[in-house]
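Colleague:
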Amino acid sequence: MSTTPLSSTDESLWGPDLRPVMTALMSIVAIVSYNNLSVSAALPDVGDDLGQIELLPWVITVELFTAAVAVLAAGPAVDGLGVRRTFRITAVGFAATSLLVTVAPSMHTLLAARAVQGVFAGAVMTAAMAGVGVSVPARLRPRAFAAISAVWGVMGVAGPALAATMVATVGWRGIFAANLPVTIVALLIGWGALPERQEGAARAPVDLIGLLIMALVTGAALSLTTGQTGVMIAGAIVFIASIAVYGTWAGRTPDPVVRIPHLVHERYRTVHLASIAVMGGAVGADAFLPLYVRAVRGGSQAVAAFSVLYLSIGWTASAWVSSRLQDRWPGEWVSLLGAVVAVPGAALVAFTVRIEAPMPVIYGSFVWLGAGVGLIVSTGAALLQNRTGLAEMGRVNGAHQFLRTIGITLGIAVVAAITFSVVDRRTGDVESVRDLLSDDSTVASVEVIDAVADGYSLALVVVVAIVAVTLPATLHLVRTRHQQLPSAT
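Counting in the working numbering, the sequence shown runs from 6 upward without gaps.
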């Protein structure tokens, strides 16, 4: 099993061999993250222009759904066709569908274009992540992932601001039109820079049945975030049943879209588990911080929206620290350090929210938690690639990205279920809580404020338990570091 990427004499990511690769990959990551983060700013104008405002949530949801499934489908494509061809096809597709979104004349057309855009967005992200593995030497991968994390962090701050500027100047269509020049630049730079198909990689037939089953898994997971009891119960049943069905299917078909060993083999499972736990818990807590700020602390919509950035600040900074630590420490020890940081960080978040500490203190606790996330996630990505042969880089990266997406979705679902169940039990009116995030003039009653405070506080206790899973997971990585792990295939 070869885990050595294409030969490069560069001692830096920005040497002559790797500079075009990293520029292309970071550019495409930047525009895909911008595309994800900026859509919320466009929704009011989209509704005013195209009507059918009851469909507005689907402008975001349909793209999340198709992107999550496409991440899996792109894995075998990357291995079979090579990173270069997959990158070319998916980047061109992303640019073309961005144009379709830009000129969409109706809400239904927009939703269809967003669905297809999600396919190419998810696929090109798998190609980009696998591109690191097949292009960048192992010693430089931590720095590559730190650079990619920095791009996500910058776009987390700048993306919504750029989108708001676009809406104010050229309208909502300008948000999606901005995808075109950046994607074209990434294509021009990366067209011949990324490697071809790896030796030993086999072209596999498309596992349509497996994709359909995993689409059910994804859709069911997304339904768990609705906060509606009936929908969530049905979604949980479908989610569990779909996973069981896929396990049976993958055991019978010779080439499933996701190979079970890539999920549960000793080489990968604790790397997956640590990332799923820390991202699910942290992002779940962060997703409902704006509601807490708005309802309980009386912040404006703008202040509430900005509150989600503190986790990203810690995450981005610690990803850079992680890359430097891995120059001296094994990645397994850096992951354990991340768990040692993340678990107290999650506990501090829960404690400061419970005692209604000053908001700067709560924001600081989210920065601390984000630092643990960055150490685990960035290091985990490099560890995963260092344990994977080049011929399987696409599949393993696709599986890891999919699991992270599901972990985040389930984390949000847990916090939503607990918070909204407390509100519903106390007030019987969950919709009044949703209105707080969409209207600055809405004022919550004392009963609603207390219910949101108690529900969110209780959810954060569960978040601490979720994040605590990172400790045994990373300890296992450290204990098995010197073992000769068998191949997953």
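By construction, the Cβ of each residue, glycine as well, lies at the ideal position given by its N, Cα and C atoms. Keep in mind the model is a prediction, meaning the values are calculated, not measured.
What ranges does the alpha helix (DSSP H) occupy inside the stretch 326-368, keeping only unbroken runs of at least 4 residues that lie completely in it?
Modeller: 336-359
Colleague: Round the Cβ separation of A351 and V427 to the nearest angstrom and send it over; I've been treating them as touching at under 8 Å.
Modeller: Contact between A351 and V427 does not hold, since the beta-carbon distance rounds to 19 Å and is not under 8 Å.
Colleague: Beta-carbon within less than 6 Å of Y315's beta-carbon, same chain only, minus the 5 sequence neighbours each way: which residues are those?
Modeller: Y368, F371 and V372
Colleague: Could you compute how far the alpha carbon of Y39 sits from the alpha carbon of M31?
Modeller: 12 Å
Colleague: Taking 7 Å as the limit between beta carbons, can you name the residues of its chain near V308, skipping five residues before and five after?
Modeller: V298
Colleague: If we ignore side chains and look at the alpha-carbon of each, how far apart do P25 and W254 end up?
Modeller: Separation of P25 and W254 (C-alpha to C-alpha, rounded to the nearest whole angstrom) is 41 Å.
Colleague: Can you tell me whether W177 is buried or exposed? The criterion is at least 16 other CB atoms within 10 Å of its CB, across all chains shown.
Modeller: buried
Colleague: Just checking my contact of I381 with S280 at CB under 8 Å: how many whole Å lie between their CB atoms?
Modeller: 6 Å
Colleague: Following the continuous alpha helix (DSSP H) through D53, name the residue where it begins and the one where it ends.
Modeller: R24 to L55
Colleague: Under three-state DSSP, which class holds T102?
Modeller: helix
Colleague: So the candidates are L395, I245 and G164; which of them puts its Cα closest to the Cα of V34?
Modeller: G164
Colleague: Taking Cβ positions, are A29 and G195 nearer each other than 8 Å?
Modeller: Going by C-beta atoms, A29 is nearer than 8 Å to G195.
Colleague: Does DSSP classify G303 as helix, strand or coil?
Modeller: coil
Colleague: Compare the C-alpha of L61 against each of V51, R93, F70 and L296 and name the closest.
Modeller: V51
Colleague: Report buried or exposed for S383, applying the criterion of at least 16 other Cβ atoms within 10 angstroms of its Cβ.
Modeller: buried
Colleague: In the structure shown, what three-state DSSP assignment does I265 receive?
Modeller: It is coil, neither helix nor strand.
Colleague: In this structure, how does DSSP classify H270 when only helix, strand and coil are distinguished?
Modeller: coil
Colleague: Taking only runs of the alpha helix (DSSP H) that begin and end inside the stretch 104-161, which ones reach a length of at least 4 residues, in chain order?
Modeller: 112-140
Colleague: So, using beta-carbon positions, are P295 and A310 closer together than 8 Å?
Modeller: In this structure, A310 lies closer than 8 Å to P295 by Cβ.
Colleague: So, for S103: in the same chain, excluding its five sequence neighbours on each side, which residues have a beta-carbon less than 8 Å away from its beta-carbon?
Modeller: N40, Q122, F181, A182, N184, L185 and T188
Colleague: Using the Cα positions of T275 and H113, report the straight-line distance between them to the nearest angstrom.
Modeller: 42 Å
Colleague: Since I believe Q406 is in contact with T131 (beta carbons under 8 Å), could you give me their beta-carbon distance rounded to a whole number of angstroms?
Modeller: Indeed, because the Cβ distance is near 6 Å, the residues count as touching under 8 Å.
Colleague: Closest by CA to R392, which one among A101, L116 and G138?
Modeller: Among A101, L116 and G138, the Cα nearest to that of R392 is on G138.
Colleague: In whole angstroms, give me the CA-to-CA distance for T107 and I265.
Modeller: 39 Å
Colleague: Alpha carbon to alpha carbon, what distance is there between T223 and I411?
Modeller: 7 Å
Colleague: Among F244, L193 and V435, which residue has its Cα nearest to the Cα of G453?
Modeller: Strictly speaking, residue 453 in this sequence is Val, with Gly absent from that position. Of F244, L193 and V435, the smallest CA-CA separation from V453 is found for V435.
Colleague: Tell me which same chain residues have a C-beta within less than 7 Å of the C-beta of A386, skipping the five on either side of it?
Modeller: F150
Colleague: Whole angstroms is fine: what's the gap from A324's alpha carbon to A169's?
Modeller: If I take the Cα positions, the gap works out to 28 Å.
Colleague: Please classify A290 as buried or exposed, where buried requires at least 16 other C-beta atoms within 10 Å of its C-beta.
Modeller: buried
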